[in-house]
Every structure is written in structure tokens, then in C-alpha cells.
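In our numbering, each number is its position in the sequence shown, counted from 1, plus 214.
See below for the structure under consideration.
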Amino acid sequence: MTEKSGNGPYKGQTNGKRCNLTPQNQIPTSQAKENMDKLDTVLKEIRDSRQAIENRLDMITTDMNIMKDDQAKLSDRLKQTESTVADILPTHYYNKNAIVKLQQQMETLQERIEDAEGRSWCNNIRIIGLPEGKEGSDPTQYIESWLQSIAKDRLSVHFVVERAHHIPGRKPIPGAPARPVIAGILNYRDRDVALQVARELDPIMIDNAKISLYPDYIQTIPWQSRSAEHPSK
215 MTEKSGNGPY
225 KGQTNGKRCN
235 LTPQNQIPTS
245 QAKENMDKLD
255 TVLKEIRDSR
265 QAIENRLDMI
275 TTDMNIMKDD
285 QAKLSDRLKQ
295 TESTVADILP
305 THYYNKNAIV
315 KLQQQMETLQ
325 ERIEDAEGRS
335 WCNNIRIIGL
345 PEGKEGSDPT
355 QYIESWLQSI
365 AKDRLSVHFV
375 VERAHHIPGR
385 KPIPGAPARP
395 VIAGILNYRD
405 RDVALQVARE
415 LDPIMIDNAK
425 ISLYPDYIQT
435 IPWQSRSAEH
445 PSK
């Protein structure tokens, strides 16, 4: 009987007989060592990656703990702030009401001051156009005599000019408009007479200068007396 090659695990194996040959799937020693080295490298990379992830997780956990501590501190400060605001609010409302009352009192006092000042100015007249220096060293006496000369006997026997002066300011240069003169009349009826006479005699001339008389008002009164400093001609 002829001997045939079998299909056993070894090359050259025959039916019924076993040959001592190298297995087909046996890997050479050098290749196995190379595979083991690669496997070790992969395992090392996995371990390194795992360690890096664990370190990162530790850092994240630490940051979260810090954030929790900060949040707790902020919560405490918020509670303290709310408590402080709750304590301050009553005082704030009291102060606010007190300020409103003080403002009202100030407005009332301001009105009274303006009223008193206005009353003190009621008998004043403003003289526009009187040449600078014409009144001499005694402007009060000059204005009193001048008003008596133009009004003649229409003024009362008690007619008196209490005071007279130029409005504050630098003396104008020659040729410039003269500063107005403020004259305080003792009796308001004499003041009204002087203004009436000035309107009747308009224009009144002194040294070729036109003289005008107007009531004098404090600046808070709507019709400002400053508008009369340069009257229309």
C-alpha cells in the first residue's frame, strides 16, 4: 500500500505516523520579543495616561473645593450685607424725610429772605446815564438836591434820600457808559413821585447825557432791573 501525506498539524505527517517537525503557527523568538516590547510600551502609555488623568482629576477636585470655600465665604458676606442693609434702611428713610423737611424749610426761608430784601428795595430807584463823578464826593446829597430841583414842590416835606451810590464795579474809562446809581428814598410816595416826574420830563439831560429813572428790583424778580441799564432811545 502506497503511503500518503496526511493533514496533521505537522508538515510531512503521514497517516498513522508522526514526524518531529516545527509547528506551522510557531512564532520565531525575535518576533515574539518584539511583540512583547510593543505590548509593554502600550501598557506603559496607558498607565501614564491614567496617571495624568488622575492628576488632572485631583487638580479639578482641588479647584472645586476652593470654589466651594469661596462660595461659602461669599454667602456669609451676602448675609452680613443683607443684615447691615436691614439695619440701615430705617435710618435711611428717616434721613431722607429729614432732608425733605430741611429743603422745604430752606425754600421757605429763602422766600422770606427775598421778600425782606425786596421790601428793603421797594423804595429804591435806579438812575441811568448820570455821568461818572457828577455827584461829587457826596452822591446822597447830590441826588436829593437834583430830585428836588426837577420835582419842585411835588415831593413831600419829609422827602429824604437815605443813600445813593454807583453799583459795584470798576470805574469805566472815559467815553464808556456810566455806571447806574442806586438811590434809596425814605418814603415810597416820594419815590413814585420822582418816577412820575421823570416820565413826564423825559428826556432829562445833564451835560448832554440823557438821564432815565426806573424802579430798582432784586434779581430774583422776573423783570430784571439790569435790562434798564441800556434803555432804548
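No residue lacks a Cβ here, since even glycine has one placed at the ideal position from N, Cα and C.
Note that the structure is a prediction, hence the values are computed from the model and not measured.
Close beta carbons around residue i, own chain, < 8 Å, minus the five adjacent residues each side
i	result
R403	S370
Q319	none
R326	none
Residue interval of the alpha helix (DSSP H) (run including residue i)
i	result
S363	353-365
A412	402-415
Range covered by the beta strand (DSSP E) that runs through residue i
i	result
R340	338-342
A397	395-399
L369	Counting along the chain, L369 falls outside any beta strand (DSSP E), and DSSP gives it neither H nor E.
A423	423-429
I387	Note, I387: premise wrong, no beta strand (DSSP E); not H, not E.
Residues near residue i by beta carbon distance below 6 Å, same chain, minus five either side
i	result
I357	V375, A378, A397
H444	Low per-residue confidence applies at H444: pLDDT is 44, beneath 50, and the placement is therefore not dependable, though the value from the model is reported in the following sentence. Result list for H444: empty, nothing under 6 Å.
Residues bridged to residue i [DSSP beta-bridge criterion]
i	result
I381	Looking at the DSSP assignment, I381 forms no beta bridge with any residue, so it has no partner.
M419	K424
Nearest to residue i (by Cα), restricted to the options the options
i	options	result
K348	K366, R393, V411, L316	R393
V395	T276, D284, P345, R291	P345
N401	H372, I381, Y428	H372
E414	D421, D284, L427, A423	L427
D421	H380, G343, P382	G343
Contact set for residue i: own chain, Cβ-Cβ below 7 Å, skip 5 residues either direction
i	result
T434	With a pLDDT of only 45 at T434, under the threshold of 50, the placement of this residue in the model should not be trusted; the figure read from the coordinates follows. The residues are E328.
K366	none
R368	V407, V411
message: For the region 384-394 against the region 290-310, do three or more pairs of beta-carbon atoms, one drawn from each stretch, fall closer than 8 Å, so that the two count as touching?
response: Result no; under three Cβ-Cβ pairs closer than 8 Å.
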